[in-house]
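Student: Residue numbers (the numbering used here): 727 to 1352. Cβ atoms here follow ideal geometry from the backbone N, Cα and C, with glycine treated the same way. Sharing a structure below in structure tokens format, with a few things to ask.
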Amino acid sequence: MISLRENWRIVMLVAFLLASAVALVGPIGGSDPGTQTDFVELSGEQQELTLDRSTIQLENTTLETTNESDTIVASNATIEVRGDITDRTDASARVTNGSITVADGTLVVPSNADISRTQGTVGIPNETTLRAENSQVTLAIERQADSGLTNLQYGFDLAGGTRIRAPLVGLHATDIDVGDNQSREVNAQIAEELGVEQIDIRVRQDTIEVFNDDVSRAEFASALQSAGYDVQAEDINNGVTSETRENVVEILQSKIDRTGLSGGTVTTVGDGLVVVEVPNAEPSEVRDTVSDRGVVRIVASVREPGSNTTTNTTVITGDDIANTGQIGPRENSQGEITGWEAPVTLNEQGAQQFQSQMNALNFTDARGIGNCDATGGADRAGSYCLVTTLDGEPVRYNGMGEDLAGGLRDGSWSDTPTFTIGASSAEQAQEVKISLEVGSLPTNLDLTGSEHDISYLQPSLAQEFKSLSLVTGLLAWFGVAGMVFLRYRKVRVAIPMIFTAVAEVFILLGFAAVSGLALDLSHIAGLIAVIGTGVDDLIIIADEILQQGEVATGRVFESRFRKAFWVIGAAAVTTIIAMSPLTILSVGDLFGFAIVTIVGVLIGVLITRPAYGDILRNLVLSEDQR
């Protein structure tokens, strides 16, 4: 009769195995896999794409169907295909129940073709062929990603997608004595000397940074000298400080998470490189997301009556925003959508400043209310526009509303300082909202220099890596199992050993599912290392107990097991100490290897090795001997 009290370690192992099974295939850790994109290039005269019962969606597009057949010819176009893709080769692909989007041009459809055109959509009732005629066409094939049989998530190596490695734009000087309460004054002076905006200068503690790739080291040193600091060009350091780099990583990670690029990660590697990896995303989408700083401002653009000069004054910045609301359409009196807006609430300081500036700039009197020449107020003298800008580019012009003006004029608005920031489209409004919520980037990724690298891994190729990784793991397991059987030639010793090794990897995969760890090739290497070190420790236990003479009593077994476990424990501590620096330093892919190895060692020492000891005791000792 097996006592639960004596075999509590086995019970604990079983409990962890059950919990891992729930994590892997149950509701724990499950998430929407999102979509994945493959690229197919058609070029030359004969390469074709065949569509069956599909829809072609067109926007400012040149797409011509011939009278002779159901062939659609796209010349010098970039075509995006959405749908279920089958029978894809290097030259062609079949799309079922999908759509094609072509950008830039006009649509030409013969009247006698068996193809209908309604509001920019071409419906294809029968099988139709798309051919690249003397041109190169890139097909971006987007489809729902396969969620697989488990809740495991996969990173760039095993899911495909886009990876961007790039340094950050900037220069910095250290060991500069900036006096107390002088940061704002120094910031303004250096910005004026360099001809850049104050947002491109950061003064912090004993460090001054500039985030503008047009500024050279000599120019930065000269500006610092003009501000009274003894700095030479050779004292200027390339790149940004570690604090700025960490700030960029934090903001980019939040931005990626909020834009729906699921599974994306942002890390640093080496000396100043930022690495952005987004599974199942195309390069242009990721580049657009990470290249924008997200600087949102409301600018009061004023042209006084009788003047030809326009004065621009920044009245709201991201620092003035306390929180944001849900974006929505802006409608006119006829119910027509004229734009989009993101509701925001200003903080106390921002509200007081905005209210004061609006009154001082005459936005709240008869001259300013509704008088913006960009929105239909050109028949009145002067112009008073509130311009929403994103990264310096105007996205929406608005006039002052009468209700808002009244609240600003009598001071009641500051009690509930709500405001709507306008945008021309839902996408712009969402981008403004995200930029306000996560903050603007202090600097950009340098995507123009020689150090940057943008790579794209086809999801189909990543799927092959996933299969090969599974094969490699199985080969490692069978190889270890074979050596164990050759070593002991006893099934009752070898089988529990192999089972324990598999249990260790299974629990580790459950941990990955619960924690949302996106597995890539470095993690797979760590799993294989865990198999090897795990079985090595189990061999130490078996040899110490079985090769030192007969095990006559439970006391003898416990003595030998403790001796073996001290050796295993010391080896585990050594491994953890050796791997720990890889989890702290910016070493790229080695981080994943180190994490899996450390967690695997801890699972082995705390769960699977003690459980194997109990299993072995039950096998070599009778009930009376125990």
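Buried or exposed for Val737, going by 16 or more other Cβ atoms inside 10 Å?
Tutor: Looking up residue 737 in the sequence shown gives position 11. Exposed, by the Cβ-count rule.
Student: Take Asn963 and list the residues in its own chain whose beta-carbon comes closer than 6 Å to its own, dropping the five residues that flank it on each side.
Tutor: Working through the sequence shown from its first residue, we reach residue 963 at position 237. For Asn963, where only same-chain residues beyond five positions count, the Cβ hits under 6 Å are His898.
Student: Kindly indicate which residue of Gly887, Gly1148 and Val1219 has the alpha-carbon position closest to the one of Gly1339.
Tutor: Looking up residue 1339 in the sequence shown gives position 613. Comparing Cα positions, the closest option is Val1219.
Student: Could you compute how far the alpha carbon of Asp1046 sits from the alpha carbon of Glu1163?
Tutor: The sequence position of residue 1046 within the sequence shown is 320, counting from 1. The sequence position of residue 1163 within the sequence shown is 437, counting from 1. So the alpha carbons of these two residues sit roughly 12 Å apart.
Student: Give the list of continuous beta strand (DSSP E) stretches no shorter than 3 residues that lie fully inside the stretch 965 to 1009.
Tutor: Segments of the beta strand (DSSP E) lying fully in the stretch 965 to 1009: 991 to 995 and 999 to 1005.
Student: Report the residue ranges of all alpha helix (DSSP H) runs contained in full by the stretch 1243 to 1325; include only those spanning at least 4 residues, in chain order.
Tutor: Counting only runs of 4 or more, we get 1247 to 1272 and 1280 to 1310.
Student: Below 8 Å on the Cβ atoms is my contact criterion, and I expect Ser1166 with Gly1020 to pass it. Report the Cβ-Cβ distance as a whole number of Å.
Tutor: Along the sequence shown, read from residue 1 onward, the residue named residue 1166 stands at position 440. Along the sequence shown, read from residue 1 onward, the residue named residue 1020 stands at position 294. That pair is a contact at about 5 Å.
Student: How many whole angstroms separate the CB atoms of Leu1353 and Val1022, which I take to be in contact at a CB cut-off of 8 Å?
Tutor: Outside the modelled stretch of the chain, which goes from 727 to 1352, sits residue 1353, for which no answer is possible.
Student: State buried or exposed for Lys981, treating a residue as buried only when at least 16 other CB atoms are found within 10 Å of its CB.
Tutor: For this step, residue 981 is matched to residue 255 along the sequence shown. Lys981 should be labelled buried.
Student: According to the neighbour-count rule (16 or more other Cβ atoms, all chains shown, within 10 Å of its Cβ), is Ile1341 buried or exposed?
Tutor: Taking the sequence shown and counting its residues from 1, the one referred to as residue 1341 is at position 615. Under this definition Ile1341 is a buried residue.
Student: Shortest alpha-carbon distance to Asp1315 belongs to which of Ala1202, Ala1337, Gln1156 and Val1002?
Tutor: If you number the sequence shown from 1, residue 1315 lands on position 589. Considering only alpha carbons, the answer is Val1002.
Student: Report back the beta-carbon spacing between Asp883 and Ala1207 to the nearest angstrom; my notes put them in contact at under 8 Å.
Tutor: Translated into the one-based positions of the sequence shown, residue 883 becomes position 157. Translated into the one-based positions of the sequence shown, residue 1207 becomes position 481. Rounded, the Cβ-Cβ distance is 27 Å, inconsistent with contact.
Student: Residue range of the beta strand (DSSP E) that Ser1109 falls in?
Tutor: On the sequence shown, residue 1109 is found 383 positions in, with the first residue counted as 1. Note, Ser1109: beta strand (DSSP E), Ser1109 to Leu1116.
Student: Pick helix, strand or coil for Tyr955, following the three-state DSSP scheme.
Tutor: To locate residue 955, count along the sequence shown from 1; it is residue 229. Tyr955: coil per DSSP, three-state reduction.
Student: Using the C-alpha atoms, what's the distance from Leu920 back to Asn1034?
Tutor: In the sequence shown, the residue the question calls residue 1034 occupies position 308. In the sequence shown, the residue the question calls residue 920 occupies position 194. When rounded, the distance between both Cα atoms is 28 Å.
Student: Which stretch, first to last residue, makes up the alpha helix (DSSP H) that contains Ala1155?
Tutor: Along the sequence shown, one-based indexing puts residue 1155 at 429. From DSSP, the alpha helix (DSSP H) with Ala1155 extends over Ala1152 to Val1164.
Student: Do Val1028 and Ser1109 have their CB atoms nearer than 9 Å?
Tutor: Numbered from 1 along the sequence shown, position 302 holds the residue referred to as residue 1028. Numbered from 1 along the sequence shown, position 383 holds the residue referred to as residue 1109. In this structure, Ser1109 lies closer than 9 Å to Val1028 by Cβ.
Student: If you follow the alpha helix (DSSP H) that Phe882 is part of, which residue opens it and which one closes it?
Tutor: Taking the sequence shown and counting its residues from 1, one reaches residue 882 at position 156. Unbroken alpha helix (DSSP H) run through Phe882: Phe882 to Ala885.
Student: Quick check for students: name the residue ranges of the beta strand (DSSP E) that lie wholly in the stretch 1063 to 1096, counting only runs of 3 or more.
Tutor: As far as the stretch 1063 to 1096 is concerned, its whole beta strand (DSSP E) runs of at least 3 residues are 1063 to 1072.
Student: Taking the alpha-carbon positions, what's the Arg928 to Thr967 distance?
Tutor: Here residue 928 refers to the residue found at position 202 of the sequence shown. Here residue 967 refers to the residue found at position 241 of the sequence shown. So the two alpha carbons sit approximately 11 Å from each other.
Student: When you compare the stretch 951 to 959 with the stretch 1128 to 1138, are there three or more beta-carbon pairs, one atom per stretch, that lie closer than 8 Å?
Tutor: No, they do not touch.
Student: Does the beta-carbon distance from Gln879 to Ala1238 come in below 9 Å?
Tutor: Position 153 of the sequence shown, counted from the first residue, corresponds to residue 879. Position 512 of the sequence shown, counted from the first residue, corresponds to residue 1238. Against a cut-off of 9 Å, the Cβ pair of Ala1238 and Gln879 comes out as a contact.
Student: Pick helix, strand or coil for Gln931, following the three-state DSSP scheme.
Tutor: Taking the sequence shown and counting its residues from 1, the one referred to as residue 931 is at position 205. Looking at Gln931 - three-state DSSP - the assignment turns out to be coil, as it is neither helix nor strand.
Student: Can you give me the start and stop residues for the alpha helix (DSSP H) that Pro1336 sits inside?
Tutor: Translated into positions along the sequence shown, residue 1336 becomes position 610. Looking at the DSSP string, the run of the alpha helix (DSSP H) that includes Pro1336 is Arg1335 to Val1346.
Student: Report the rounded CA-to-CA distance for Thr1408 versus Phe1080, giving the unit in angstroms.
Tutor: In the structure as shown, the chain starts at 727 and stops at 1352, and residue 1408 therefore has no counterpart that could be examined.
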